[in-house]
Structures are given as C-alpha cells and as structure tokens.
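Participant:
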Amino acid sequence: MTPALINLAAEQKSAAVTDWAARIGWVVGLLLFIALLYWLMREGWKWRGTLQGDLPELPAAPAGTGEPQLTMTGRYHGSTTAGEWLDRIVARGLGTRSRAELTLTEQGVAVVRPGAQDFFIPAAALRGARLDKGIAGKVLAEGGLLVITWQHGDKTIDSGFRSDRAAGHTAWVEALTALAPSHDQHSNDMEGAR
Numbered sequence: 001m002t003p004a005l006i007n008l009a010a011e012q013k014s015a016a017v018t019d020w021a022a023r024i025g026w027v028v029g030l031l032l033f034i035a036l037l038y039w040l041m042r043e044g045w046k047w048r049g050t051l052q053g054d055l056p057e058l059p060a061a062p063a064g065t066g067e068p069q070l071t072m073t074g075r076y077h078g079s080t081t082a083g084e085w086l087d088r089i090v091a092r093g094l095g096t097r098s099r100a101e102l103t104l105t106e107q108g109v110a111v112v113r114p115g116a117q118d119f120f121i122p123a124a125a126l127r128g129a130r131l132d133k134g135i136a137g138k139v140l141a142e143g144g145l146l147v148i149t150w151q152h153g154d155k156t157i158d159s160g161f162r163s164d165r166a167a168g169h170t171a172w173v174e175a176l177t178a179l180a181p182s183h184d185q186h187s188n189d190m191e192g193a194r
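The sequence shown: position 114 = 114 (the UniProt record's numbering), numbered continuously.
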C-alpha cells in the first residue's frame with residue numbers, strides 16, 4: 001500500500017454519535033404539538049355543537065310506520081344547513097358519520113345508525129331529495145351522494161347518504177320527491193311562518 005492510502009484510511013473518522021436527548025426532545029415536542037392540534041379541533045367541534053344547541057331533539061320513528069316502500073344500507077355522511085354544503089351540523093349527533101339503514105314508508109324515512117343516534121324524518125318535513133357530489137367532509141363522483149332535504153324546527157337540513165349500491169339512489173330521489181309536500185305548499189308554509 002502506498003503511504004497516501006494509509007494516511008487517507010487513518011484520517012477517516014466514524015460518524016458522530018447521535019444526541020439522543022435532543023432527538024427525544026424533538027419527538028416529545030412533535031407529539032405535544034399533534035395533541036394540541038387534536039384538542040383544538042375537538043374544542044371547535046364542541047363549540048359548533050353549543051352554537052347549534054337550539055336545534056330540537058331529533059324525532060324518533062313512530063311505532064307503526066307502515067309497509068316499507070324502499071330500504072337502503074350504506075353510510076350516513078353528515079348533515080348541513082340546506083344549500084350550504086360546508087356548514088356542518090353537529091348538534092344532536094347529526095355530525096357523527098356512521099353506517100346507516102334507511103327505510104322509506106308513507107310516514108317518512110327511518111334512519112337507523114348503529115353506534116350513533118337514530119332519527120326519523122316525517123313525510124310532512126320532507127322538502128325534497130337530489131343526487132349530489134358532496135357534503136361537508138365528503139366529496140364523491142357526480143351523483144354519488146343521496147341528499148335528503150328536510151325541515152326540523154326552524155332549520156332546513158340537507159342530510160347525505162351513500163348506498164352500498166349507488167344505482168338505487170335514483171329510485172330514492174323519485175320516491176322522496178313524490179312523498180314530499182308540494183313546493184307550493186312549502187312556500188306557503190314558509191310565508192306563513194314569517
């Protein structure tokens with residue numbers, strides 16, 4: 001070996017030893033920052049629920065709802081103020097996403113949600129239905145979401161559902177539109193409320 005190679009080999013040094021205290025400090029700091037963000041999001045969610053506290057209790061399905069016209073299993077994606085697809089409603093458990101089973105009868109729509117509060121949309125409260133592509137926190141392909149518009153107290157609500165078989169959405173829109181009170185009746189009710 002040449003003396004230059006021997007000198008070069010002697011000059012190489014091993015990598016510096018990691019400063020474990022600094023590394024652990026950074027990891028703990030990052031975890032605390034993530035925990036703070038999570039806490040702030042949770043507080044914001046609770047504050048939104050407080051602001052929407054005037055929303056009445058959700059109606060429960062009556063004992064004898066009649067013969068089912070349509071049924072659907074799928075997901076409940078949330079509810080918003082009608083026409084405001086980003087204004088999520090979290091009060092009364094309407095902000096909780098979950099599996100859902102919908103049953104349409106002449107009395108209305110029963111929404112059964114395992115792990116979340118069930119509710120009932122009376123036929124008189126229906127304002128219409130449509131296919132849409134999104135609701136707060138969920139965007140799908142065009143027509144991938146069944147949105148039911150209904151009146152609850154003095155608030156008009158859009159509730160979004162996605163069936164396990166999206167081809168059935170059209171039948172739901174047609175049936176709900178036929179069951180909903182006529183648009184003229186809804187307009188007269190709104191004018192009388194003012």
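All residues carry an ideal CB built from backbone N, CA and C; glycine is no exception.
Spatial neighbours of residue 203 within its chain, please: C-beta separation below 7 Å, excluding the five flanking residues on both sides.
Facilitator: This structure leaves residue 203 out entirely; the chain is present only between 1 and 194.
Participant: Of all the options D19, G53 and F120, which has the alpha carbon lying nearest to the alpha carbon of G64?
Facilitator: Comparing Cα-Cα distances from G64 to each of D19, G53 and F120, the minimum goes to F120.
Participant: Considering only the alpha carbon of each residue, which of F33, L86 and L104 lies closest to L126?
Facilitator: If we check each option's Cα against that of L126, L104 comes out closest.
Participant: Using 8 Å as the Cβ pair cut-off and three pairs as the minimum, do the segment 77-93 and the segment 47-57 touch?
Facilitator: Contact between the segment 77-93 and the segment 47-57 is present, because at least three Cβ pairs lie under 8 Å.
Participant: Just to check my reading of the structure: A171 and L146 have Cβ atoms closer than 8 Å, yes? What is that Cβ distance to the nearest angstrom?
Facilitator: Going by Cβ atoms, the distance from A171 to L146 rounds to 10 Å, so no, they are not a contact pair.
Participant: Where does L86 land, buried or exposed, given buried means 16+ other C-beta within 10 angstroms?
Facilitator: It counts as exposed.
Participant: Rounded to whole angstroms, what is the Cα-Cα separation between V111 and L30?
Facilitator: Each residue's alpha carbon lies about 41 Å from the other.
Participant: Measure the Cβ-Cβ separation of A167 and L70 and say whether it is below 7 Å.
Facilitator: No, they are not a contact pair.
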